[in-house]
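In what follows, a structure is listed as structure tokens, so that the remarks can point back to it.
Numbering (the numbering used here), first residue to last: 65 to 342.
Here it is as structure tokens:
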């Protein structure tokens with residue numbers, strides 16, 4: 065399953081969809097077209113029953129350099145109302161990725177700056193090559209990482225955000241792993257193998273259960289352990305136990321067989337990051 069976009073390449077096969085940013089001539093910096101296309105791609109793939117997981121990747125030597133300079137120059141001439149509308153477009157796209165009902169994985173190499181770092185933080189999981197570098201560069205331009213802020217703070221925590229939001233320091237993949245932005249760092253040539261192992265693990269899970277587990281994390285993160293939270297989580301596990309997948313999973317376990325969804329997904333479609341034209 066594929067769909068044509070101006071700024072992206074999408075491919076879906078054997079339950080895995082790959083969304084590849086393909087503006088390598090401008091370091092995969094995004095403009096309004098790319099923002100709208102990322103929003104559309106994750107919305108459509110998130111609703112596609114045959115897709116179990118979505119990988120966000122990039123062509124060329126850079127994952128994403130943030131905002132396109134030409135787009136930023138146009139924004140400088142916008143009215144406050146136009147700037148707010150434009151910012152909301154980016155905010156909505158990041159929310160679409162964050163709230164996508166399918167597991168989302170960022171495959172990072174090279175630079176992930178500003179909004180590019182926001183894309184990494186909006187995905188459920190992030191895996192990077194050792195050459196990856198990161199920067200919340202907005203304050204160098206007199207700006208702030210506002211629309212990406214909620215996603216980045218969730219990923220790296222308040223204390224780390226206070227440092228990197230203000231200093232705009234560049235940091236490497238090891239530091240990104242330490243502060244929680246990444247789940248694993250590996251040699252570039254091993255990156256696809258690492259992601260394939262995670263996709264294999266996801267292929268053994270119930271799609272319904274992973275969707276509900278993701279929603280659970282979003283809803284309870286940062287919440288106090290109140291009676292309301294206890295009641296809510298009790299309701300959720302009761303619903304899961306009585307669901308079709310819950311009953312099938314327990315039945316399969318007791319009968320020492322695989323549940324009906326447990327068909328291992330082959331390796332993801334090819335994840336290219338070379339410089340050839342799309």
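Heads up, the beta-carbon is just placed ideally off N, CA and C, and yes, glycines get one too.
In this structure residue 228 is buried. Its beta-carbon is surrounded by 16 or more other beta-carbon atoms within 10 angstroms. For the pair residue 237 and residue 246, the CB atoms are nearer than the 9 Å cut-off. Membership of residue 230 in any beta strand (DSSP E) is not indicated; the residue belongs instead to the alpha helix (DSSP H) covering 213 to 231. Here DSSP, grouped into helix, strand and coil, assigns residue 118 to strand. Inside the region 286 to 317, DSSP marks whole alpha helix (DSSP H) runs of 4 or more residues at positions 291 to 306, from first to last along the chain. As a beta-bridge residue in DSSP terms, residue 85 pairs with 72 and 122. Three or more Cβ pairs drawn from the region 189 to 196 and the region 166 to 181 lie within less than 8 Å of each other, which places the two stretches in contact. Exclusion of the five residues before and after residue 97 leaves 70 and 71 as the residues of its chain whose Cβ lies within less than 6 Å of its Cβ. Per the DSSP secondary-structure output, residue 175 pairs in a beta bridge with 197. Contact annotation: the region 173 to 188 touches the region 121 to 129, with at least three C-beta pairs closer than 8 Å. Between the alpha carbons of residue 230 and residue 215 lies a gap of roughly 16 Å. Contact between residue 220 and residue 243 is confirmed by a C-beta separation of about 5 Å, below the 8 Å threshold.
About 4 Å separates the Cβ atoms of residue 129 and residue 91, confirming a contact at the 8 Å cut-off. DSSP, reduced to helix, strand and coil, places residue 236 within a strand of the structure shown. In terms of Cβ geometry, residue 186 and residue 162 form a close pair [threshold 9 Å]. With a cut-off of 8 Å on Cβ pairs, the region 104 to 114 is not in contact with the region 142 to 151, counting fewer than three such pairs. In the three-state reduction of the DSSP assignment, residue 169 falls in the strand class. If you draw a straight line from the Cα of residue 73 to the Cα of residue 84, it comes to about 5 Å. Here residue 337 is buried: its Cβ has 16 or more other Cβ atoms, across all protein chains shown, within 10 Å.
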